[in-house]
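Trainee: From first to last, the protein sequence lines stand for chains C and R. Just so we're aligned: 182 in numbering that gives the first Met the number 0 is position 183 of the first sequence, and the numbers increase by one with no gaps anywhere. Just so we're aligned: 59 in numbering that gives the first Met the number 0 is position 60 of the second sequence, and the numbers increase by one with no gaps anywhere. C-beta atoms are modelled at their ideal positions from N, C-alpha and C, and glycine is treated no differently. Keep in mind it's a predicted model, so treat the numbers as computed, not measured.
Protein chains: 2
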Amino acid sequence: MKSPSQPRDRGIPEATVARLPLYLRALHGMAERGIATVSSEDLAVAAGVNSAKLRKDLSHLGSYGTRGVGYDVEYLVYQISRELGLTQDWAVAIVGVGNLGRALANYGGFVSRGFRVAALVDADPEVVGDTIAGLNVEHIDELEAVIKRRGVSIVVLATPAEAAQEVCERVISVGVTSILNFAPVVLSVPDGVDVRKVDLSIELQILAFHEQRKAGGPLMAVDSQ
Amino acid sequence: MKSPSQPRDRGIPEATVARLPLYLRALHGMAERGIATVSSEDLAVAAGVNSAKLRKDLSHLGSYGTRGVGYDVEYLVYQISRELGLTQDWAVAIVGVGNLGRALANYGGFVSRGFRVAALVDADPEVVGDTIAGLNVEHIDELEAVIKRRGVSIVVLATPAEAAQEVCERVISVGVTSILNFAPVVLSVPDGVDVRKVDLSIELQILAFHEQRKAGGPLMAVDSQ
DNA sequence: ATCCCTTTGTGAACCGGTGCACAAAGTCAC
DNA sequence: GTGACTTTGTGCACCGGTTCACAAAGGGAT
Ligand SMILES: NC(=O)c1ccc[n+]([C@@H]2O[C@H](COP(=O)([O-])OP(=O)(O)OC[C@H]3O[C@@H](n4cnc5c(N)ncnc54)[C@H](O)[C@@H]3O)[C@@H](O)[C@H]2O)c1
Ligand SMILES: NC(=O)c1ccc[n+]([C@@H]2O[C@H](COP(=O)([O-])OP(=O)(O)OC[C@H]3O[C@@H](n4cnc5c(N)ncnc54)[C@H](O)[C@@H]3O)[C@@H](O)[C@H]2O)c1
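1) Terminal residues of the continuous beta strand (DSSP E) containing C:His209?
2) Taking only heavy atoms of ligand 1 into account, decide whether any of them is closer than 8 Å to the Cβ of C:Glu143.
3) Kindly indicate which three-state DSSP category C:Gly64 falls into: helix, strand or coil?
4) For chain R, check one thing: does any of its Cβ atoms lie closer than 9 Å to the Cβ of C:Tyr74?
5) In three-state terms, what does DSSP make of R:Val137?
6) For chain R, is any of its Cβ atoms less than 9 Å away from the one on C:Thr176?
7) Contact defined as beta carbons within less than 8 Å: I believe R:Ala90 pairs with R:Ala117. What is the distance between those atoms, to the nearest angstrom?
8) Please confirm if C:Asp198 has its CB atom under 9 Å from at least one CB of chain R.
9) Determine the closest residue to C:Met29 out of C:Leu75, C:Gly67, C:Asp56, with distance taken between C-alpha atoms.
10) Measuring from the CB of C:Glu158, is there a heavy atom of ligand 1 at a distance below 8 Å?
11) Apart from the five residues just before and just after R:Ala157, which ones in its own chain have a Cβ nearer than 8 Å to its Cβ?
12) Counting C-beta neighbours from all protein chains within 10 Å, is the total for C:Ala35 16 or more, i.e. buried, or is it exposed?
13) If you run the structure through DSSP and keep just helix, strand and coil, what is R:Tyr77?
14) Kindly examine ligand 2 and report whether one of its heavy atoms sits closer than 8 Å to the Cβ of R:Asp129.
15) Give me whichever residues DSSP pairs with C:Tyr70 in a beta bridge.
16) Which class does C:Asn49 belong to by DSSP, given the choice of helix, strand or coil?
17) In three-state terms, what does DSSP make of R:Ile11?
18) Is R:Leu103 near ligand 1, judged by its Cβ being under 8 Å from some heavy atom?
19) For R:Ala45, which residues of its own chain have a beta-carbon under 6 Å away from its beta-carbon, when the five flanking residues on both sides are left out?
20) Where does R:Asp193 sit, in a helix, a strand or coil, going by DSSP?
21) Using the beta-carbon count (16 or more within 10 Å), is R:Ala51 buried or exposed?
22) Indicate the three-state DSSP secondary structure (helix, strand or coil) for R:Ser172 in the structure shown.
23) Determine the DSSP secondary structure at R:Leu186, reduced to helix, strand or coil.
24) By the criterion of Cβ-Cβ separation under 8 Å, what are the contact partners of C:Gly266 in chain R?
25) At a cut-off of 8 Å, is R:Asn98 close to ligand 2 when judged by its beta-carbon and the heavy atoms of the ligand?
26) Look up R:Asn180 in the DSSP assignment and give the residues it is bridged to.
27) Report yes if the C-beta of R:Ser172 is less than 8 Å from at least one heavy atom of ligand 2; otherwise report no.
28) Tell me, which residues are paired with C:Leu232 by DSSP?
29) Indicate, with yes or no, if ligand 1 has a heavy atom lying under 8 Å from the CB of R:Ala181.
30) Going by DSSP, what residue range makes up the alpha helix (DSSP H) through C:Val145?
31) Who are the near neighbours of C:Ala163 in its chain, counting only those whose CB is closer than 6 Å to its CB and skipping five residues on each side?
32) Roughly how many angstroms lie between the CA atoms of C:Arg148 and C:Asp140, to the nearest whole one?
33) Could you check the C-alpha separation between R:Thr130 and R:Gly64 for me, to the nearest Å?
34) Are the C-beta of C:Arg24 and some C-beta of chain R separated by less than 9 Å?
35) Terminal residues of the continuous alpha helix (DSSP H) containing R:Gly107?
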């Protein structure tokens, strides 16, 4: 009914999108080790998922496997990269160059796959003008100008919580629609803007919850009433 | 049929657990601003969720609201904290004190709610012995001893990817069952061990995917075949 | 060319989670 | 105490995602 190897249905489930980078990483590792072909079973193990799920995920991109054989590693790397938009490079700006912003700026794995730190911006006059990871830190007053000048399309927010919403609004005002937020606040943004948040404190609290369950066992401490 | 204000059913949905920290943060903000009572609607807005979902989430902990009035802020803070296990304090070790490990060690918000950085461990002799955020960096050879001595129950992995699996196994061997992993690898762990991962690169790739969709619009580039 | 073996791609059942919508429960004013 | 009003707690329908299990497809040996 449908010709093989089609780009397919433009509706990839969100859960699938979130796993594609995992497959890509596993595939890169395999390519480095000279593996040419991989079965869904092996790739699934490497990525830490169920093989049926992996096959269904890949089937959303097209029919890129060969029955009885598996998937061609190089080809699949290319297809997933293209689907994720990693064949182009993305200019990223980091706003807030403190502890965290610095770590991110110095992080090499950042650049590795299509992402390029194109600007660092901070409000502190002590920090503005410094060179970090070969990049000049620019003043927050220049925020909009810098974003436009450098063609930034993804902004990483590493400012204190209080500043995050304002910075967020300002970058949106110059057309940014993709934000990665490290500040512990709920950002309010218009439709069409994607915000992903990374929240260390929440992760720890989730771990603590399970840890408590394991430790406390079936019956908890005496304060249960 | 059931008495009011019971600790309830010991099976809280994972999705609910993941949101409790969000509610807690919003509630802390309200408590600071002197708000004594809050409706599910207001709290839901502050936490960025739907109010029905919030009420259902809270109902898993017990019947802590008052119909016609709302929830008592202080009381709810206490109940959620207790449920998450934040009434005790948790000793956290950070293994790998590079760019990221340092940023985490220096991060204040870490300590704020029940979490205490109790140990820093690294393999690099240049780093071992340094004092960071008032803590001495210890040698990786001492890993197991340090974890036992300090009563560490949560380990944060900020080593290079290559070292992560090994460190992981070692901390598990001395009883750690909660790990927060920043290294871009799939850790393989026995049942009963919780691993949560924070993966910046995946977050960026997900943003890039959506950014590409927005930019490319309905019909994509010419290479679509 | 045929048969056997492997592995994909997917139909269908299942499962956890979401959100609507409303009855039950409680407050407050009088 | 009564009635009007507010807000909770939840039954229920729905939805996206997961997993099982298998027919269809392809490769390779003979
Ligand atoms: N460091 C961590 O490990 C960590 C972990 C989780 C979350 N966070 C969050 O990440 C954010 C940054 O953390 P950090 O430890 O780097 O803090 P930090 O205080 O070290 O750095 C914040 C930086 O933002 C700059 N800044 C302040 N206001 C600004 C503005 N309006 N515009 C631009 N820059 C501004 C400051 O000058 C400073 O350099 C915080 O919201 C924090 O809660 C940090
Ligand atoms: N820096 C970031 O922004 C960032 C972002 C995302 C992910 N990561 C990941 O986090 C991890 C740490 O990143 P980083 O930038 O801090 O790297 P880094 O190289 O600055 O730090 C790694 C540290 O781990 C130590 N180490 C190496 N082997 C070790 C071992 N066996 N036991 C204990 N310590 C050991 C090193 O001595 C070094 O101090 C990496 O896996 C990286 O991919 C970092």
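Mentor: So, from the data block:
1) Not the beta strand (DSSP E): C:His209 falls in the alpha helix (DSSP H), residues 199-215.
2) No, Cβ of C:Glu143 sits at least 8 Å from all heavy atoms of ligand 1.
3) Strand, per DSSP.
4) No, because no Cβ of chain R sits closer than 9 Å to the Cβ of C:Tyr74.
5) Note that residue 137 of chain R is Glu in the sequence shown here, rather than Val. Strand.
6) Interface residue, yes.
7) The Cβ separation is near 4 Å, so the contact holds.
8) It does: the Cβ of C:Asp198 has a partner Cβ on chain R nearer than 9 Å.
9) Sorting C:Leu75, C:Gly67, C:Asp56 by C-alpha distance to the C-alpha of C:Met29 places C:Leu75 at the top.
10) The sequence given here places Thr at residue 158 of chain C; Glu does not occur at that position. A distance criterion of 8 Å places the beta-carbon of C:Thr158 in contact range of ligand 1, judged by its closest non-hydrogen atom.
11) So the qualifying residues of the chain are Ile93, Val94, Gly95, Val96, Gly97, Leu99, Gly100, Leu103, Phe181, Ala182.
12) The residue is exposed, with fewer than 16 neighbouring Cβ atoms inside 10 Å.
13) In the structure shown, R:Tyr77 sits in a helix (DSSP, three-state: H, G or I).
14) Result no, Cβ not under 8 Å from ligand 2.
15) Answer is C:Val37, C:Gly64.
16) Here DSSP, grouped into helix, strand and coil, assigns C:Asn49 to coil.
17) Coil at R:Ile11, not helix or strand.
18) For R:Leu103, the shortest separation between its Cβ and any heavy atom of ligand 1 lies below 8 Å.
19) Excluding the 5 residues flanking it on each side, R:Ala45 has same chain C-beta neighbours closer than 6 Å at Ala25, in chain order.
20) Three-state result, R:Asp193: strand.
21) Around the beta carbon of R:Ala51, fewer than 16 other beta carbons sit within 10 angstroms, so the residue counts as exposed.
22) Residue state for R:Ser172 is assigned as helix, using DSSP reduced to three classes.
23) Here DSSP, grouped into helix, strand and coil, assigns R:Leu186 to coil.
24) Nothing can be reported for residue 266 of chain C: it is not among the residues displayed for chain C, which extend from 0 to 224.
25) Relative to the non-hydrogen atoms of ligand 2, the Cβ of R:Asn98 comes within a distance shorter than 8 Å of at least one.
26) DSSP, once it has assigned bridges, lists R:Leu156, R:Lys196 as partnering R:Asn180.
27) Checking every heavy atom of ligand 2 against the Cβ of R:Ser172, none is found closer than 8 Å.
28) Absent from the structure is residue 232 of chain C, since the part of chain C shown begins at 0 and ends at 224.
29) Before going further, note that residue 181 of chain R is Phe rather than Ala in the sequence given. Taking 8 Å as the cut-off, one finds no heavy atom of ligand 1 near enough to the beta carbon of R:Phe181.
30) Its alpha helix (DSSP H) spans residues 142-149.
31) Cβ-Cβ distances below 6 Å link C:Ala163 to Leu156, Ala182, Val184 in the same chain, with the five nearest sequence neighbours on each side left out; the list follows chain order.
32) Looking at the two C-alpha atoms, the distance is approximately 14 Å.
33) R:Thr130 and R:Gly64: Cα-Cα distance of roughly 47 Å.
34) At least one C-beta of chain R is nearer than 9 Å to the C-beta of C:Arg24.
35) Run containing R:Gly107: 107-111, per the alpha helix (DSSP H) assignment.
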